[in-house]
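Student:
Number of protein chains: 2
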Amino acid sequence: MPTGLGEFGRIREFFAPLAGPGGLGLIDDAALVDCPAGHRLVVTADAIVAGVHFLPDDPPDLVARKLLRVNLSDIAAMGARPLYYLLTTALPTAWDDDWVARFAHGLAEDQRQFGVALIGGDSVATGGPAVLSLTALGEIESGKEIRRSGALPGDVVWVSGTIGDAFLGLAALRGAYAALVPEQRAYLIDRYRLPQPRVALGPALAGIARAMLDVSDGLLADLGHICDASRVAARVAAPALPLSDAAAASGEERARLASGGDDYELLFTAPPAATERINRLSASLALPMTAIGTIEHGSGVRLVDAEGNEIAVAAAGYRHF
Amino acid sequence: MPTGLGEFGRIREFFAPLAGPGGLGLIDDAALVDCPAGHRLVVTADAIVAGVHFLPDDPPDLVARKLLRVNLSDIAAMGARPLYYLLTTALPTAWDDDWVARFAHGLAEDQRQFGVALIGGDSVATGGPAVLSLTALGEIESGKEIRRSGALPGDVVWVSGTIGDAFLGLAALRGAYAALVPEQRAYLIDRYRLPQPRVALGPALAGIARAMLDVSDGLLADLGHICDASRVAARVAAPALPLSDAAAASGEERARLASGGDDYELLFTAPPAATERINRLSASLALPMTAIGTIEHGSGVRLVDAEGNEIAVAAAGYRHF
Numbered sequence: 089m090p091t092g093l094g095e096f097g098r099i100r101e102f103f104a105p106l107a108g109p110g111g112l113g114l115i116d117d118a119a120l121v122d123c124p125a126g127h128r129l130v131v132t133a134d135a136i137v138a139g140v141h142f143l144p145d146d147p148p149d150l151v152a153r154k155l156l157r158v159n160l161s162d163i164a165a166m167g168a169r170p171l172y173y174l175l176t177t178a179l180p181t182a183w184d185d186d187w188v189a190r191f192a193h194g195l196a197e198d199q200r201q202f203g204v205a206l207i208g209g210d211s212v213a214t215g216g217p218a219v220l221s222l223t224a225l226g227e228i229e230s231g232k233e234i235r236r237s238g239a240l241p242g243d244v245v246w247v248s249g250t251i252g253d254a255f256l257g258l259a260a261l262r263g264a265y266a267a268l269v270p271e272q273r274a275y276l277i278d279r280y281r282l283p284q285p286r287v288a289l290g291p292a293l294a295g296i297a298r299a300m301l302d303v304s305d306g307l308l309a310d311l312g313h314i315c316d317a318s319r320v321a322a323r324v325a326a327p328a329l330p331l332s333d334a335a336a337a338s339g340e341e342r343a344r345l346a347s348g349g350d351d352y353e354l355l356f357t358a359p360p361a362a363t364e365r366i367n368r369l370s371a372s373l374a375l376p377m378t379a380i381g382t383i384e385h386g387s388g389v390r391l392v393d394a395e396g397n398e399i400a401v402a403a404a405g406y407r408h409f
Numbered sequence: 089m090p091t092g093l094g095e096f097g098r099i100r101e102f103f104a105p106l107a108g109p110g111g112l113g114l115i116d117d118a119a120l121v122d123c124p125a126g127h128r129l130v131v132t133a134d135a136i137v138a139g140v141h142f143l144p145d146d147p148p149d150l151v152a153r154k155l156l157r158v159n160l161s162d163i164a165a166m167g168a169r170p171l172y173y174l175l176t177t178a179l180p181t182a183w184d185d186d187w188v189a190r191f192a193h194g195l196a197e198d199q200r201q202f203g204v205a206l207i208g209g210d211s212v213a214t215g216g217p218a219v220l221s222l223t224a225l226g227e228i229e230s231g232k233e234i235r236r237s238g239a240l241p242g243d244v245v246w247v248s249g250t251i252g253d254a255f256l257g258l259a260a261l262r263g264a265y266a267a268l269v270p271e272q273r274a275y276l277i278d279r280y281r282l283p284q285p286r287v288a289l290g291p292a293l294a295g296i297a298r299a300m301l302d303v304s305d306g307l308l309a310d311l312g313h314i315c316d317a318s319r320v321a322a323r324v325a326a327p328a329l330p331l332s333d334a335a336a337a338s339g340e341e342r343a344r345l346a347s348g349g350d351d352y353e354l355l356f357t358a359p360p361a362a363t364e365r366i367n368r369l370s371a372s373l374a375l376p377m378t379a380i381g382t383i384e385h386g387s388g389v390r391l392v393d394a395e396g397n398e399i400a401v402a403a404a405g406y407r408h409f
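What follows is the structure in structure tokens.
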């Protein structure tokens, strides 16, 4: 027991203050969640590992916020509104109370920002790298959920925000893209460290989007998931891909940016008739939304240039194994 | 990539067949859970670490079943009925597909036994020991939940089954209690490796038990949690503690058995007038239930001998930090 507070002490000091009403102060065996009539709960879980998904010396508050946000992004990708989360931490015994305090501080900040609360979890020790697992719960009106399997030939493919920034940010953290100006490097690193889950956009697309997910494996790989689930093909116009100024300045090929992961933008399909509504939504949320391609009969995803010629794509998303 | 299937392949081969209807085949960003009118969902999460909570060469199917069962035990401890679970695995890259296949086989077996289904999760790789985290969901009629905070002075303290077996089983695995006959050693080891979550008893105690939890830290420590939450004291009669034949034969002191963890029996308090109902329940479930003490004014837990003299207790439950 190298540190002072111990498991119960850490829960009492750092995590109990984050608990919402359903969490019962984190002292009961389980949390209670009410579900309004006519609604369904939406549940997702994601885990991150030190040295794989984050670096052991990353700021703990940013690690916490990224962990929470990637899960909120999954909730948003179903068209749902986030409500609660459970957190299980397996931490090296050498990580002291201060690390946990700063980690909890990051959670508190994002709880305020996104209106969610902690309702349970577990904390254990590990002799290896930290493993952090979070389960997020949200709610959605029954029947309004947006799945991956609803894309139809003729749909337009849309993506929010810009793509490739997080991929570049991770590389920049490792010393790449040294020619970029400091502000652009900082922007890309921030995009890697602190994704912006599209929690307002997701629910607003209910009734508009036919299929949706969030971009985590890479835009092309994730569009492939939609195509597989919907039994359709997709064609993406490389010149249409929305890039930030920093990503454009990086000089990186568009095929590579569309294969990088961790964007946490929403990728969805909608009928052409929805274009005007989507543009209005983009304006009201002050969030760019870009039509990047079309859904077709067949299978697979093709990236094409301005002349319609197919561009070869090397990687198809990050794989853990 | 030392193994063949990869993350998506493992999900498709081993985990997708375990998915319930709400799990959407594990291909969407999140699962959908219906909640019947007048009910609440009950949610809990527990994590286990190789080398801490299980041994790397433990049979994978037993590891899976224990992980699932400790969570089902938490659901039962609220008086709720288990429905679904999400699983996140952080596995060493050296653990091959066969380990995962056997792990999933254990889950399948217990899904049949307990009527639950997988609805989501995540799988990642780690350079350290395996960390497995599971979130279980159950349902309960609104207002019927049994919390830790409801114990009242005058209540009888009850526990299901027998206590201390898992503690002895872990020690036996490490070579202790060599004098026990093989059948008794095997019984104790089985109790450690494969807890029996009291999923029928928990919901049956709604309207009977005033406070409840499952014994994971050790009977005395967990009774202390009830006392803290309920702002009461408890007195436990050591001679009343229910021991298995194997535990009795071990010769271990009752104070030690009441401090060992991992029993996963239900510990609850109820008014004396409920005694007859509890005895009938015990008979109908063919599960021993034993009155082991009383709730009193004050704070803390005292273990007393047949003459009412306090017995000193060294450990107060297992702490991870």
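Going down the list, the protein sequences come from chains A and B. Each residue of the first sequence is one higher than the one before, counting from 89 in the working numbering. Each residue of the second sequence is one higher than the one before, counting from 89 in the working numbering. For every residue, glycine included, the Cβ atom is placed at its ideal position computed from N, Cα and C.
1) Note down, one range per segment and in chain order, each beta strand (DSSP E) of at least 3 residues found wholly within the segment 185–213 of chain B.
2) Grouping DSSP H, G and I as helix and E and B as strand, with all else coil, what is A:I163?
3) What is the DSSP secondary structure of A:T223, counted as helix, strand or coil?
4) Evaluate A:N367 with the Cβ neighbour count: other Cβ atoms within 10 Å of its Cβ, from every protein chain shown; 16 or more gives buried, anything less gives exposed.
5) What does A:G194 reach in chain B if we use C-beta pairs closer than 8 Å?
6) If you scan the segment 127–173 of chain A from start to end, which runs of the beta strand (DSSP E) of 3 or more residues do you find wholly inside it?
7) Using the three-state DSSP reduction, which class does B:A292 fall into: helix, strand or coil?
8) Apart from the five residues just before and just after A:L206, which ones in its own chain have a Cβ nearer than 8 Å to its Cβ?
9) Taking only three categories from DSSP, how would you classify A:P124?
10) Would you report the Cα separation of B:H385 and B:V320, rounded to the nearest angstrom?
11) In the DSSP assignment, find the alpha helix (DSSP H) that holds A:I366 and state where it starts and stops.
12) Name the residues in the segment 193–219 of chain A whose C-beta lies less than 8 Å from a C-beta of chain B; which are they?
13) What does the alpha-carbon distance come out to for the pair A:L282 and A:R153?
14) Which word fits B:A404, buried or exposed, when buried means at least 16 other C-beta atoms lie within 10 angstroms of its C-beta?
15) Under 9 Å between the Cβ atoms of B:A164 and B:P170?
16) For a cutoff of 9 Å on Cβ pairs, would you count B:V151 as touching chain A?
17) State yes or no: is the beta carbon of B:I383 nearer than 9 Å to at least one beta carbon in chain A?
18) Are the beta-carbon atoms belonging to B:D350 and B:L258 less than 9 Å from one another?
19) Quick one: list the residues of chain B neighbouring A:R128, beta-carbon separation under 7 Å, in chain order.
20) On the three-state DSSP scale, how would you describe B:A311?
21) Could you check where the alpha helix (DSSP H) with B:A322 kicks off and where it finishes?
22) Use the C-beta contact count for B:R262: other C-beta atoms within 10 angstroms, 16 or more gives buried, fewer gives exposed.
23) Quick one, are the C-beta atoms of B:R323 and B:T378 less than 9 Å apart?
24) Three or more beta-carbon pairs under 8 Å between the segment 202–221 of chain B and the segment 232–243 of chain B, yes or no?
25) I'd like to know if B:Y172 contacts chain A, where contact means its C-beta is closer than 9 Å to some C-beta of that chain.
26) Give me the chain B residues within the contact set of A:L143, using Cβ-Cβ distance strictly less than 9 Å, ordered along the chain.
27) In this structure, what does DSSP give as the bridge partners for A:R390?
28) With respect to the beta strand (DSSP E) encompassing A:I99, which residues constitute its N-terminal and C-terminal limits?
29) Any C-beta of chain B sitting closer than 9 Å to the C-beta of A:G252?
30) Who are the neighbours of A:I399 on chain B, taking C-beta pairs under 8 Å?
31) Quick check: A:L156 and A:V188, are their CB atoms within less than 9 Å of each other?
32) Does the segment 329–343 of chain B come close enough to the segment 246–257 of chain B to have 3 or more Cβ pairs within less than 8 Å?
33) Mapping the DSSP letters down to three states, classify A:I228 as helix, strand or coil.
34) In the DSSP assignment, what residue or residues form a beta bridge with A:D302?
35) Output the distance between the C-alpha atoms of A:E229 and A:G126, rounded to the nearest integer angstrom.
36) Short check: CB of B:L293 to CB of B:I251, under 9 Å?
Tutor: Reading from the atomic positions:
1) If only complete runs of 3 or more residues are kept, the segment 185–213 of chain B shows no beta strand (DSSP E) anywhere.
2) As a first step, residue 163 of chain A must be located in the first sequence, where it is residue number 75. Helix.
3) Taking the first residue of the first sequence as 1, we reach residue 223 of chain A at position 135. The three-state reading of DSSP puts A:T223 in strand, counting E and B together.
4) Indexing the first sequence from 1 puts residue 367 of chain A at position 279. Around the beta carbon of A:N367, fewer than 16 other beta carbons lie within 10 angstroms, which makes this residue exposed.
5) Position 106 of the first sequence, counted from the start, is the residue given in the question as residue 194 of chain A. What A:G194 touches in chain B: nothing, since even the nearest Cβ is about 19 Å away.
6) Segments of the beta strand (DSSP E) lying fully in the segment 127–173 of chain A: 127–137.
7) Walking along the second sequence from the start, residue 292 of chain B turns up at place 204. If DSSP states are grouped into helix, strand and coil, B:A292 belongs with the helices.
8) As a working note, residue 206 of chain A is residue 118 in the first sequence. Hits under 8 Å: F103, L106, A107, G108, G111, L114, Y172, Y173, L174, L175, L195, Q199.
9) Locating residue 124 of chain A in the first sequence gives position 36, counting from the first residue. Note: A:P124 maps to coil in three-state DSSP.
10) Here residue 385 of chain B is taken as the residue at index 297 of the second sequence, counted from 1. Here residue 320 of chain B is taken as the residue at index 232 of the second sequence, counted from 1. About 5 Å.
11) Your numbering for residue 366 of chain A matches position 278 in the first sequence. Where A:I366 is concerned, the enclosing alpha helix (DSSP H) starts and stops at 363–373.
12) Residues of the segment 193–219 of chain A with a Cβ closer than 8 Å to any Cβ of chain B, in chain order: I207, G208, G209, D210, S211, V212, A213, T214, G215, G216, P217, V219.
13) Residue numbering aside, residue 282 of chain A sits at position 194 when the first sequence is read from its first letter. Residue numbering aside, residue 153 of chain A sits at position 65 when the first sequence is read from its first letter. C-alpha separation (whole angstroms): 7 Å.
14) Indexing the second sequence from 1 puts residue 404 of chain B at position 316. Because the pLDDT at B:A404 is just 47, under 50, the model does not fix this residue reliably, and the value given afterwards should be weighed accordingly. Flag for B:A404 reads exposed.
15) Stepping through the second sequence from its first residue, residue 164 of chain B is reached at position 76. Stepping through the second sequence from its first residue, residue 170 of chain B is reached at position 82. Yes, the Cβ-Cβ distance between B:A164 and B:P170 is below 9 Å.
16) Counted from its first residue, the second sequence places residue 151 of chain B at position 63. It does not: the Cβ of B:V151 has no partner Cβ on chain A nearer than 9 Å.
17) What you label residue 383 of chain B is simply residue 295 of the second sequence in a count that begins at 1. Not one chain A Cβ lies under 9 Å of B:I383.
18) The residue you call residue 350 of chain B lines up with position 262 of the second sequence. The residue you call residue 258 of chain B lines up with position 170 of the second sequence. Result yes, Cβ atoms of B:D350 and B:L258 sit closer than 9 Å.
19) Looking up residue 128 of chain A in the first sequence gives position 40. The contacting residues are L120, V121, D122.
20) Locating residue 311 of chain B in the second sequence gives position 223, where the first residue counts as 1. The question names Ala, but residue 311 of chain B in the sequence shown is Leu. B:L311 carries a helical assignment under DSSP once its states are collapsed to helix, strand and coil.
21) The residue labelled residue 322 of chain B in the question sits at position 234 within the second sequence. Careful: B:A322 lies outside any alpha helix (DSSP H), inside the beta strand (DSSP E) at 321–325.
22) The residue labelled residue 262 of chain B in the question sits at position 174 within the second sequence. That one is exposed.
23) Counting from 1 along the second sequence, the entry for residue 323 of chain B is found at position 235. Counting from 1 along the second sequence, the entry for residue 378 of chain B is found at position 290. When the beta-carbon positions are compared, B:R323 and B:T378 stay at least 9 Å from each other.
24) The answer is no - the segment 232–243 of chain B does not touch the segment 202–221 of chain B, with fewer than three Cβ pairs under 8 Å.
25) Residue mapping note: residue 172 of chain B aligns to position 84 of the second sequence, counting from 1. Proximity of B:Y172 to chain A, defined by a Cβ-Cβ separation below 9 Å, is satisfied.
26) Position 55 of the first sequence holds residue 143 of chain A. The contacting residues do not exist; A:L143 stays about 13 Å from chain B at best.
27) Residue mapping note: residue 390 of chain A aligns to position 302 of the first sequence, counting from 1. Per DSSP, the beta bridge partners of A:R390 are A:R323.
28) Position 11 of the first sequence, counted from the start, is the residue given in the question as residue 99 of chain A. In the DSSP assignment, A:I99 falls outside any beta strand (DSSP E) and carries neither an H nor an E.
29) If you number the first sequence from 1, residue 252 of chain A lands on position 164. So no, A:G252 is outside the interface.
30) On the first sequence, residue 399 of chain A is found 311 positions in, with the first residue counted as 1. Here the premise fails: no neighbours, minimum Cβ distance about 24 Å.
31) Residue 156 of chain A sits at position 68 when you count from the first residue of the first sequence. Residue 188 of chain A sits at position 100 when you count from the first residue of the first sequence. Cβ atoms of A:L156 and A:V188: not closer than 9 Å.
32) Cβ pair count under 8 Å is three or more, so yes.
33) Against the first sequence, residue 228 of chain A aligns to sequence position 140. Strand at A:I228.
34) Taking the first sequence and counting its residues from 1, the one referred to as residue 302 of chain A is at position 214. Note: A:D302 sits in a beta bridge opposite A:L354.
35) If you number the first sequence from 1, residue 229 of chain A lands on position 141. If you number the first sequence from 1, residue 126 of chain A lands on position 38. Cα to Cα, A:E229 sits roughly 6 Å from A:G126.
36) The residue labelled residue 293 of chain B in the question sits at position 205 within the second sequence. The residue labelled residue 251 of chain B in the question sits at position 163 within the second sequence. Contact: no.
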